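Student:
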Amino acid sequence: MKVIALVIGKILILFSRVFKISGGSSFPGLVALRIDPSLVAKITRKLSKGTIVITGTNGKTTTAKHLSAILNQSGLKIIHNRTGSNLMRGIASALIEQSTVFGKPGGDIGLFEVDEATMPDAVASLSPQVVLVTNLFRDQLDRYGELDKITAVIGKSIEQLQDAIIILNADDPSVSSLAKYAGQKNIVKFFGLNESRYTSDSRASFDSKDCLVCGSELVYEKRFYSHLGVYRCPSCDFNRPQVDYAAGDIVLNGVKSASFTLSNKSKDINISLSLSGVFNIYNSLAAYSAACALGIDDDTTKTALNNSSAAFGRMEKFYVGDKEVYLLLAKNPIGLTQIIETLSTDKAAKNFMLILNDNFADGTDVSWIWDADVKALDENFNFIYTSGIRAQDLTLRLKYEDFIVEKIKTINNIEEAFEKAVAEVSPGDTLYIITTYTGMLKLRNYLTRKGFVKGFWKNDFRRKPNEGKTGTPLSR
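Those letters in the sequence shown? Residues 124 to 599, per my numbering, in order.
1) Quick one: residues in its chain with C-beta nearer than 8 Å to the C-beta of Leu170, no 5 flanking neighbours on either side, listed in chain order?
2) Jot down the residue ranges of each uninterrupted alpha helix (DSSP H) in the segment 407-472, minimum 4 residues, whole runs only, in chain order.
3) With DSSP as the reference, please indicate the residues paired to Glu236 in a beta bridge.
4) Quick one, are the C-beta atoms of Ser205 and Leu153 less than 8 Å apart?
5) Specify, as a first and last residue, the run of the beta strand (DSSP E) that Met476 falls within.
6) Can you give the Cα-Cα distance for Thr533 and Phe506, rounded to whole angstroms?
7) Along the chain, which unbroken stretches of the beta strand (DSSP E) at least 3 residues long are found entirely within the segment 297-348?
8) Please state the DSSP three-state secondary structure of Asn209.
9) Determine, using beta carbons only, whether Val224 and Leu129 come nearer to each other than 8 Å.
10) For Asp496, which option in Thr509, Pro456, Met476 and Ala472 has the closest C-alpha, if you only look at C-alpha atoms?
11) Straight-line CA distance for Asp117 to Glu539?
12) So, Ile175 versus Gln252, is the Cβ gap smaller than 8 Å?
13) Answer yes or no: do Ala409 and Gly182 have a C-beta to C-beta separation smaller than 8 Å?
14) Can you list, in chain order, the stretches of the beta strand (DSSP E) that have 3 or more residues and sit fully within the segment 496-574?
15) Does DSSP put Phe383 in a helix, in a strand, or in coil?
16) Buried or exposed: where does Lys279 fall if 16 or more other Cβ atoms within 10 Å of its Cβ makes it buried?
17) How close, in whole Å, do the beta carbons of Ser323 and Arg355 come, if the pair is a contact with beta carbons under 8 Å?
18) With DSSP collapsed to three states, give me the class of Asn403.
19) Could you check the C-alpha separation between Pro588 and Ala433 for me, to the nearest Å?
20) With 16 as the cutoff for other CB atoms within 10 Å, does Val141 come out buried or exposed?
21) CB Leu255 to CB Asp295, shorter than 8 Å?
22) Could you check the C-alpha separation between Val545 and Lys440 for me, to the nearest Å?
23) Can Arg320 and Ile281 be called in contact, C-beta distance under 8 Å?
24) What three-state label does DSSP hand Asn204 in the structure shown?
25) When you compare each of Ser149, Asp525, Ala287 and Phe541 to Leu135 by their alpha carbons, which one comes out closest?
26) Would you kindly check if the distance between the Cβ of Asn309 and the Cβ of Leu284 is under 8 Å?
27) What separation, rounded to the nearest whole angstrom, lies between the Cα atoms of Leu264 and Tyr348?
28) For Cys359 and Leu417, I'd like the C-alpha separation in whole angstroms.
29) Distance check for Thr468 and Thr561, CA to CA, integer angstroms please.
30) May I ask you to report which of helix, strand or coil DSSP gives Gly278?
31) What's the C-alpha gap between Ala453 and Asp238?
32) Contact check, Ile462 vs Ile556 under 8 Å by CB: the rounded distance?
33) Are Ser395 and Ser407 touching if we call contact CB-CB under 8 Å?
34) Using the three-state DSSP reduction, which class does Asn195 fall into: helix, strand or coil?
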């Protein structure tokens, strides 16, 4: 059954790519798993270096891309669900593409980002040597339920493991509490920020304010954003654990780059990242923590991170003629707030397009936009186009923040809205597009057809500074 599943899966991937139906990132795996439900386990047990799993609400794809760069730099061959398709079907599709028809994997190590709710099945099939949890925020309540529910789901999956390294975000109370599930069978490591400059007093999207042991409200010495920070419970001994890996000396250079220091208990390395935002510092720190736990030397990690670029649709940059465009994924209140706060540090950022869909992959409940702090966009902006299935909801949200209504333009059709938004951008200026997941896919498919970006199944998403300038001109 394994060979049949692999052959059919490979045919479906080829069919998807040739006819440009999709990137073949999930459907081939879905069909193959119907034929052989144990396909993932059969292939991954042949990986000589085992598997790594990355889960959490935000940052999975970018963290995985950073870690992939580090592993590549170290000389390892990786099997990776790099398109971000993180259900079991996406993992299976990645394995089908990167293995022979007899199930021999074309790599040494598996690196998989995994949807939080998929963790029990993924851990059972992958038997990972390393599990990394980035953060936990309220996200797609129609799928996941409240935060305590998804925390327990991940915790129960960790309980299945033996002799694994569990890497947890110490700054997130929900994530750090997962250490109790590891028991004595596994090694637990923590990462967190060592920073005083970039802190927050905002209560927007404050998801986890109570102690997970006794229920008392946590006291914060400092917060970096939302509920991530240095905390303690005034009524019991629950507090932020000591970190094994830290990031500090952070300098954010608008929305386009950042510098910071990564450290373990023996050495510091200086990083210059072509991404910005405190959330991206966390992503780099998470990847660095996994690299340290795997025994990869700091020089390799430094080289890889200094040359790493944005993941698919996550602060991805491209050009339309001489106009620069950034594509930024936001799928929950924390993500949207952090992107807007990062944009607000660049006074030249004035041209915006916001896309909101309510498809299954986005989460069908869009009420989360009311929990995000969007006010920082209202700083002498030139225009905001709202688009997508729920564009009117976005427009209403902005109106309630007293944005200048005449500067907001609502067009449900994403392609039409993009064309008009780009047309309004002055030569040499920048358009920032903030979008939910399926909106990003739809827009990116359009951009691929126009020649401005590569299809997401290409080998590398990175683009040279002038790449895309020769794409098909936009219609007017």
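Glycine residues also receive a C-beta, built at the ideal position from the N, C-alpha and C atoms.
Note that the structure is a prediction, hence the values are computed from the model and not measured.
Tutor: According to the structure data:
1) Ile202, Pro228, Gly230, Asp231, Ile232 and Gly233
2) 421-429 and 456-467
3) Ile177
4) The amino acid at residue 205 is misidentified as Ser; the sequence shows Arg. At a Cβ-Cβ threshold of 8 Å, Arg205 and Leu153 do not count as neighbours.
5) Asn474 to Ile478
6) 11 Å
7) 310-317 and 342-348
8) coil
9) yes
10) Between Asp496 and the set Thr509, Pro456, Met476 and Ala472, the nearest pair of CA atoms involves Pro456.
11) Not covered by the structure: residue 117. The range shown for the chain is 124 to 599.
12) yes
13) A distance below 8 Å separates the beta carbons of Ala409 and Gly182.
14) 506-510, 531-533 and 553-558
15) In the structure shown, the three-state DSSP call for Phe383 is strand.
16) exposed
17) Actually they are not in contact, since the Cβ atoms of Ser323 and Arg355 sit about 18 Å apart, beyond 8 Å.
18) helix
19) Since pLDDT at Pro588 reaches only 34, below the 50 mark, its modelled position is unreliable, and no value is offered.
20) exposed
21) no
22) Near 14 Å, if we compare the C-alpha coordinates of Lys440 and Val545.
23) no
24) Residue state, collapsed to three classes: coil.
25) Ser149
26) It is a contact, given that the beta carbons lie within the stated cut-off.
27) No answer about Leu264 holds up, because its pLDDT of 49 lies below 50 and its placement is not dependable.
28) 34 Å
29) 27 Å
30) helix
31) 16 Å
32) Between Ile462 and Ile556, the beta carbon gap of about 11 Å keeps them out of contact (Cβ cut-off 8 Å).
33) no
34) Helix at Asn195.
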